[in-house]
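Q: In short: position in the sequence shown from 1, add 6, done, that's the working numbering. Glycine included, C-beta positions come from ideal geometry on N, C-alpha and C.
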Amino acid sequence: MEKIYKSGKARAIGVSNWTIEGLEKLLRFAEVKPMLNQIEIHPFLPNTELVKYCQDHGILPAAYSPLGSQNQIPSTGEKVRTNEKLNEVARRSGYDLAQVLLAWGLQRGYVVLPKSSTPRRIESNFQIPELSKEDFEAVEEVARGRHTRFVNMKDTFGYDVWPEESNGELKA
Numbered sequence: 007m008e009k010i011y012k013s014g015k016a017r018a019i020g021v022s023n024w025t026i027e028g029l030e031k032l033l034r035f036a037e038v039k040p041m042l043n044q045i046e047i048h049p050f051l052p053n054t055e056l057v058k059y060c061q062d063h064g065i066l067p068a069a070y071s072p073l074g075s076q077n078q079i080p081s082t083g084e085k086v087r088t089n090e091k092l093n094e095v096a097r098r099s100g101y102d103l104a105q106v107l108l109a110w111g112l113q114r115g116y117v118v119l120p121k122s123s124t125p126r127r128i129e130s131n132f133q134i135p136e137l138s139k140e141d142f143e144a145v146e147e148v149a150r151g152r153h154t155r156f157v158n159m160k161d162t163f164g165y166d167v168w169p170e171e172s173n174g175e176l177k178a
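(1) Is it the case that the Cβ atoms of Tyr-116 and Ala-69 are separated by a distance below 8 angstroms?
(2) Restricting to Cα atoms, I'd like to know which of Glu-46, Val-95, Arg-126 is closest to Glu-146.
(3) Under 8 angstroms Cβ to Cβ from Glu-8, same chain only, skipping five residues before and after it: list those, please.
(4) Assuming Gly-74 and His-48 are in contact, meaning their beta carbons sit under 8 angstroms apart, how far apart are those beta carbons, in whole angstroms?
(5) Could you give the residue range of the beta strand (DSSP E) that holds Asn-43?
(6) Going by C-alpha to C-alpha distance, which of Arg-127, Lys-121, Phe-163 sits closest to Tyr-101?
(7) Suppose contacts are defined by Cβ-Cβ distances below 8 angstroms. Is Val-106 in contact with Leu-92 by that definition?
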């Protein structure tokens, strides 16, 4: 990738699902620092330490699944879209929940990559409000201390992208 970048055929190098440990190893030998790390980020997986690490090292975090998932947390049955505190922020602000979650991500300083095939939702995703300090803090409060991953690469690809989670080394 560095050769392609240096030849001018690529304007940037990005990575996906890299942990702090992986990025530290990469930065020790890479001649070209990745400009972006695409990771799962939403209020049930705020990835605060990884987001801060990326920002501190000039790597732009990009959130896939910024709205969470339609799935529930197996142990509690809770869903992002039915979380009462998040929906209260949406009601209070006059925006829908997706707009609130996208605004929260943007205000945390990263790119948000929502996915939809519904034209109305796609249009709505472009109308992002500025959350008040109170509303931003309310979403932060929901996110604090959580670490629920909905996108499991081990199930999909058979490779454990986050071994530190499997080993019990990662704490929320």
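A: The answer reads as follows:
(1) For the 8 angstroms CB-CB criterion, Tyr-116 and Ala-69 form a contact.
(2) Ranked by Cα distance from Glu-146, the first of Glu-46, Val-95, Arg-126 is Val-95.
(3) The residues are Ile-19, Ala-36, Glu-37, Val-38.
(4) 4 angstroms between Cβ atoms; contact.
(5) Taken as a continuous stretch (DSSP letters only), the beta strand (DSSP E) holding Asn-43 covers 42-46.
(6) For the residues Arg-127, Lys-121, Phe-163, the minimum Cα distance to Tyr-101 belongs to Arg-127.
(7) Yes; because the gap between Cβ atoms is below 8 angstroms, this pair is in contact.
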